[in-house]
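As given, the protein sequences belong to chains A and B, one line each in that order. The C-terminal residue of the first sequence carries number 127 in this note's numbering, and the numbering is unbroken. The C-terminal residue of the second sequence carries number 102 in this note's numbering, and the numbering is unbroken. In this text, a Cβ means the ideal position worked out from N, Cα and C, and glycines have one as well. Model, not experiment: these values are computed from the prediction.
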Amino acid sequence: QKEVEQNSGPLSVPEGAIASLNCTYSDRVSQSFFWYRQYSGKSPELIMSIYSNGDKEDGRFTAQLNKASQYVSLLIRDSQPSDSATYLCAVPSSGSARQLTFGSGTQLTVLP
Amino acid sequence: KAGVTQTPRYLIKTRGQQVTLSCSPISGHRSVSWYQQTPGQGLQFLFEYFSETQRNKGNFPGRFSGRQFSNSRSEMNVSTLELGDSALYLCASSLDLGEHTGELFFGEGSRLTVL
Chain A
16 QKEVEQNSGP
26 LSVPEGAIAS
36 LNCTYSDRVS
46 QSFFWYRQYS
56 GKSPELIMSI
66 YSNGDKEDGR
76 FTAQLNKASQ
86 YVSLLIRDSQ
96 PSDSATYLCA
106 VPSSGSARQL
116 TFGSGTQLTV
126 LP
Chain B
-12 KAGVTQTPRY
-2 LIKTRGQQVT
8 LSCSPISGHR
18 SVSWYQQTPG
28 QGLQFLFEYF
38 SETQRNKGNF
48 PGRFSGRQFS
58 NSRSEMNVST
68 LELGDSALYL
78 CASSLDLGEH
88 TGELFFGEGS
98 RLTVL
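Structure below.
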């Protein structure tokens, strides 16, 4: 089993809709979780970090963490065409908080 | 505040050659990590440096090496290049402090093509 798995996509949503991106992880002791956004031809950019169970909101983005079920999700409300990118879930590797394991990413397209 | 700077941005090498990539982290960031990104394997961790010491190393052969200087700048080297080394090499810096550990700021990357 891969350490970090994401719904492979691609995912297409109409402009203004809610985009839901999911990620599961295998290491039960993970304490921190990250979402990165990567535009085509660009480098990843940190958009959300979450450390506690529950929801964390930042503008149109909401990260949800459920440690018991070992999943973390990212909701993008009022999706815009500029949100079209690949979204990468990242979790610290076993034994080191400084070594991130990334999921394969979910490619999101927001249709105007 | 300047971001992470990587040089060169693009380079082409032939099999058997070696390459050195450079990274200057964000001012004040002492942790520098390197990742390899390929279409097939995605983002994979290479190594991480802090205060000139390698703290973590990913599952890559010994041909991949790196170092960090006293000013936190870092270099990575790949020797005896193989076709499969063609990839985007990303450097990331981190404040590496408390809950900010794992919050990486990536440079634009160095795209290596091995012919």
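Out of the options, point me to the one whose CA is closest to residue i's CA.
i, options, result
"leucine 77 (chain B)", "B:Gln31, B:Ile13, B:Leu84, B:Gln55", "B:Gln31"
"aspartate 93 (chain A)", "A:Ser58, A:Met63, A:Arg75, A:Leu103", "A:Arg75"
"serine 111 (chain A)", "B:Gly89, B:Ser38, B:Arg50, B:Phe47", "B:Gly89"
"isoleucine 33 (chain A)", "A:Gln79, A:Ala105, A:Leu90, A:Pro127", "A:Leu90"
"arginine 52 (chain A)", "A:Gln114, A:Ser108, A:Leu126, A:Ser97", "A:Ser97"
"arginine 42 (chain B)", "B:Gln23, B:Gly49, B:Gly53", "B:Gly53"
"tyrosine 40 (chain A)", "A:Leu123, A:Gln21, A:Gly69", "A:Gln21"
"glycine 118 (chain A)", "B:Val6, B:Thr7, B:Ser73, B:Gln24", "B:Gln24"
"tyrosine 22 (chain B)", "B:Lys0, B:Ser38, B:Phe92", "B:Phe92"
"serine 58 (chain A)", "B:Leu84, B:Leu102, B:Ala74", "B:Ala74"
"tyrosine 54 (chain A)", "A:Thr101, A:Leu126, A:Ser109", "A:Thr101"
"proline 25 (chain A)", "A:Cys104, A:Ser99, A:Thr77, A:Pro127", "A:Ser99"
"arginine -4 (chain B)", "B:Thr7, B:Arg2, B:Gly3", "B:Thr7"
"serine 67 (chain A)", "A:Glu60, A:Asp73, A:Asn81", "A:Asn81"
Flag residue i as yes if its beta-carbon sits less than 9 Å from any beta-carbon of chain B, otherwise no.
i, result
"arginine 52 (chain A)", "no"
"glycine 120 (chain A)", "yes"
"arginine 43 (chain A)", "no"
"alanine 112 (chain A)", "yes"
"phenylalanine 76 (chain A)", "no"
Within 10 angstroms of the Cβ of residue i, are there 16 or more other Cβ atoms? Answer buried if so, exposed if not.
i, result
"threonine 67 (chain B)", "exposed"
"proline 12 (chain B)", "buried"
"glycine 94 (chain B)", "buried"
"isoleucine -1 (chain B)", "exposed"
"glycine 56 (chain A)", "exposed"
Would you list the one or two residues that DSSP bridges to residue i?
i, result
"arginine 98 (chain B)", "B:Tyr(-3), B:Leu75"
"aspartate 73 (chain A)", "A:Phe76"
"glycine 53 (chain B)", "B:Met63"
Between residue i and residue j, what straight-line distance do the alpha-carbon atoms span, to the nearest angstrom?
i, j, result
"proline 26 (chain B)", "serine 81 (chain B)", "25 Å"
"glycine 15 (chain B)", "aspartate 83 (chain B)", "10 Å"
"serine 18 (chain B)", "glutamate 30 (chain A)", "39 Å"
"serine 35 (chain A)", "serine 88 (chain A)", "7 Å"
"glycine -10 (chain B)", "asparagine 46 (chain B)", "28 Å"
"glutamine 114 (chain A)", "phenylalanine 37 (chain B)", "12 Å"
"glycine 69 (chain A)", "serine 84 (chain A)", "12 Å"
"alanine 78 (chain A)", "tryptophan 50 (chain A)", "8 Å"
Check whether the Cβ of residue i lies closer than 9 Å to any Cβ atom in chain A.
i, result
"leucine 82 (chain B)", "no"
"serine 11 (chain B)", "no"
"phenylalanine 51 (chain B)", "no"
"leucine 30 (chain B)", "yes"
"threonine 88 (chain B)", "yes"
"asparagine 43 (chain B)", "yes"
"tyrosine 22 (chain B)", "yes"
"glutamate 35 (chain B)", "yes"
"glutamate 39 (chain B)", "no"
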